[in-house]
Each structure stands twice: as C-alpha cells, then as structure tokens.
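K.L.:
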Amino acid sequence: MANNISSKTLEKLLKDQQDEITAHYLYHKIADFVKDEENKEIVRAVAEDELKHYNQLKEITKKELKPEKFKIFLFYWITKIFGITFGIKLLERSETQAITSYQEKQEEDVKGLEEIVRDEERHEDELINMINEDRLNYMGSVVLGLNDALVELTGALAGYTFAFQNTRLIALTGLITGISASFSMAASEYLAKKHEEGQDAVKSSIYTGIAYVFTVVFLILPFLLIGNPFVSLITTLAVAVLIIFLFNYYISVAKDYNFKKRFGEMAAISLGVAAISFLIGIIIKQFIGVDI
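Numbering (our numbering), first residue to last: 55 to 346.
(1) Which residues in the same chain have their Cβ closer than 6 Å to the Cβ of L229, if we skip the five residues on either side of it in sequence?
(2) Taking only runs that begin and end inside the segment 204–275, name each unbroken beta strand (DSSP E) of 3 or more residues, in chain order.
(3) So is N302 buried or exposed if we call it buried at 16+ other beta carbons inside 10 Å?
(4) Between E319, L333, K120 and A322, which lies nearest to Q72 when the distance is taken from Cα to Cα?
(5) What's the call for D310, buried or exposed, on a 16-neighbour Cβ count within 10 Å?
(6) Beta carbon of A294, beta carbon of S258: below 8 Å?
(7) Where do the ends of the alpha helix (DSSP H) carrying K106 lie?
(8) Roughly how many whole angstroms lie between the Cα atoms of I84 and I298?
(9) Are the segment 104–111 and the segment 124–139 touching, with three or more C-beta to C-beta distances below 8 Å?
(10) I'd like to know whether the C-beta atoms of T215 and F284 end up nearer to each other than 8 Å.
(11) Might you give, ordered along the chain, the residues of its own chain that have their beta carbon closer than 6 Å to the beta carbon of V196, omitting 5 neighbours on each side?
(12) With a threshold of 16 other CB atoms inside 10 Å of the CB of A322, please say whether the residue is buried or exposed.
(13) Tell me where the alpha helix (DSSP H) around N302 begins and ends.
(14) Taking DSSP as the reference, what is the three-state secondary structure of V196?
(15) Could you tell me the alpha carbon to alpha carbon distance between L68 and N191, rounded to whole angstroms?
(16) Between the Cα of I336 and those of Y79, D202, K106 and L211, spot the shortest distance and give me the residue it belongs to.
(17) Roughly how many angstroms separate the alpha carbons of F12 and S238, rounded to a whole number?
(18) Can you give me the C-alpha to C-alpha distance between E161 and H78, rounded to a whole angstrom?
(19) For E122, which of helix, strand or coil comes out of DSSP?
(20) For S61, which of helix, strand or coil comes out of DSSP?
(21) I need the DSSP call for Y88, collapsed to helix, strand or coil.
(22) Going straight from the alpha carbon of I233 to that of K248, what length do you get?
(23) Return the chain-ordered list of same chain residues with a C-beta closer than 7 Å to the C-beta of S331, the five sequence neighbours on each side being excluded.
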C-alpha cells in the first residue's frame, strides 16, 4: 500500500507513526505515577490505543519505528514537575494536531485512518475530563496572591526607587511591605473562603500566601544583586512580565484559558500601576521635600 502513496504523504505518515509509538510509551510512564486508579486505567487504555494506531500505520507504511526517547524524557518530567493536568493538556494539544493530520490524509485518499480519527477525538474528551488535581482546585487563590503581589509590589518598588534611590533601602522596605501584605492577603483569603462550600479555607489561604511570598522574593531580588536602583527597577519590571508570561501560559494550558487576553490584562495592570507609582515617587521627592 505504501507504494501507492506519494513520498510527501508517506513522510508525514511515518512522523505520525513515530508519534503514536512515542505516545504509547509516554502514557504508560505517566500512568505509573497517577495515584487515582480510575485515571490510571484511562491513561493506560489510551496508551494501548496509541499502540494500536502505531500498528495500523505500520500496515500502511510497512516500516518499524522506535519511540523518541528524548520526547518521552521531556514530557515525563514536565508532567512530574508541573502536574499531571499541565502535562496531559500539552499531550492533548498534540492529540488535536494528530486529528487534523489524519483528517488531511483521509482527504488524500489514504485508507484505514477513520478508526484512528475516532479514537483520537475520544482521547481528547477522556483526557480533559479525567483529572481532579488539588493545585488546580485552588488556582483562584494562587491567582489572587500572584496578581496582588505583582500589582502592589511593582507599584511600591517603583515609588520607592525614585523616593529613596538606594537599592538596599528599597529592597528592605519592599521586603517588609511584601511579607506584611502576604500575611494580610492570606488572612483575607481565609476569611473569604471560611463560609464557602467546596474549598478548604486553610488551604486557600496557604496557596495565596505562598504565591504572594514567592512573587515578592523574585521582584526584590534585582535590588539585592544590582547596584543601580533604576537598572534594578527595569530588571524587576522585566521579571514581573516574565512571571506573568509563565503563569498565564501554565494556566492557559491547564485550564484552556485565552493566553493573550489574560497576559495582556495582567501585564497592563502591573506595569500601569508601576508607572503611576513612579510618578507619585517623583512628586513626593520634588514637592514634599522627602530626601533620604
């Protein structure tokens, strides 16, 4: 059958075939550390489907292929580090690409792909609905801590930079402000969640506080490592944008949110508040006469 297929189509089929055998081994490795037994069985069932697809494609291409070990290694550790939801959703995106690829080849009159397309579409629904991960159940609390720290501290550090113009003093003041605010925010989250059903108030407050503290540390770090306060501020703003980028990419994959919209909103708010606070720092220094 492979002789009746164009060389370009055959090349694509071989790539799909290798992806299937790679996914087979990868899903089995992921299943090994999934604690929920029902989820574990779903992942293993999908892994066996991928092996079936590999064999179906092998009947067309007449070639035996090996899995991509680096891809297995990479996705396995992504899943281990960032959580099964994030890792599975990245794989699910590959499943979506596979469906498009197979549908295109069906249009090219490559026979025997109908069952693979049906399986791949089923994989998406199963993978999306299978996961109940604790960290994502409290993502709202993480967003609260992260966003509040970014808005408040970038603004405060911008104001301190022009008012103090001393990196050590800025870092110390920012650290005191940030740590105090993290406890305040965690306490507020606890009180807000205490009377709501479905979420643990203590866990919610811990997620909020930890997200706040980690953000504070990364934003203040440039003032401890760089001598020039204005260079430190620019670096801190760059770090803030990087944090916003990474977090929104994570949440857009794990929760299927619109990345560009959420990233744009958070970046605009954080940088806007920083700009306003920097102007306030100028006004205080020039007109009130505070000089340190």
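Just so you know, even glycine gets a beta-carbon here, dropped at the ideal spot from N, CA and C.
Remember, predicted model here, so these are calculated numbers, not experimental data.
P.N.:
In short, the structure shows the following:
(1) I274
(2) none
(3) buried
(4) Considering only E319, L333, K120 and A322, the residue with the shortest C-alpha distance to Q72 is K120.
(5) exposed
(6) no
(7) Element bounds for K106: E91 to T115.
(8) Near 28 Å, if we compare the C-alpha coordinates of I298 and I84.
(9) no
(10) yes
(11) Y261 and A265
(12) exposed
(13) P283 to K309
(14) helix
(15) 40 Å
(16) L211
(17) Any answer about residue 12 is impossible in this case: the structure gives the chain only from 55 up to 346.
(18) Any reading at E161 must be qualified, since the residue scores a pLDDT of 47, below 50, and its modelled position is unreliable; no value is offered.
(19) coil
(20) helix
(21) Correcting the residue type first, residue 88 is Val in the shown sequence and not Tyr. Coil.
(22) 23 Å
(23) For S331, where only same-chain residues beyond five positions count, the Cβ hits under 7 Å are G209, A210, A212 and G213.
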